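Counting from 1, position 19 in the sequence shown corresponds to residue 27 in the numbering used here; the numbering is continuous, with no gaps.
Inspection log for the structure reproduced underneath, given as structure tokens.
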Amino acid sequence: MNITIRKVNEAIFKKFKAKAVEEGMKIGEALTQAMVLWIKQRSLKPKVGLLDIKPFNWGDKEVSLKVDKILYGD
Numbered sequence: 009m010n011i012t013i014r015k016v017n018e019a020i021f022k023k024f025k026a027k028a029v030e031e032g033m034k035i036g037e038a039l040t041q042a043m044v045l046w047i048k049q050r051s052l053k054p055k056v057g058l059l060d061i062k063p064f065n066w067g068d069k070e071v072s073l074k075v076d077k078i079l080y081g082d
């Protein structure tokens, strides 16, 4: 399939083309690989680590005392 792509950064394209030639690949093959990698990268869900979890408000610090007071009285 022949495709025309507009507004490609010329300097980046030259580096891309040089790298493809260096690897012994045709531009189409290299571009296909780049697009596949780009799609995979964008499709991955970010992993949430334990340190990424933000604290949230659990309520009043004396909530258990208030519950006891309601249930059992003074």
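Each residue gets a CB set at the ideal place from its N, CA and C atoms; glycine is no exception.
Only a predicted model underlies this, so the values are computations on that prediction, with no experimental measurement involved.
Exercise for the section: Could you check the C-alpha separation between Leu45 and Leu39 for me, to the nearest Å? Expected result: Translated into the one-based positions of the sequence shown, residue 45 becomes position 37. Translated into the one-based positions of the sequence shown, residue 39 becomes position 31. One C-alpha to the other measures close to 10 Å.
Practice task
Compute the distance between the beta-carbons of Lys74 and Asp68, then report whether it is under 8 Å.
Solution key: Within the sequence shown, residue 74 is the residue found at index 66, counting from 1. Within the sequence shown, residue 68 is the residue found at index 60, counting from 1. In contact: Lys74 and Asp68 (Cβ atoms closer than 8 Å).
Exercise for the section: Would you identify the three-state DSSP class for Phe64, choosing helix, strand or coil? Expected result: Residue numbering aside, residue 64 sits at position 56 when the sequence shown is read from its first letter. Three-state result, Phe64: coil.
Practice task
May I ask you to report which of helix, strand or coil DSSP gives Arg14?
Solution key: Walking along the sequence shown from the start, residue 14 turns up at place 6. Residue state, collapsed to three classes: coil.
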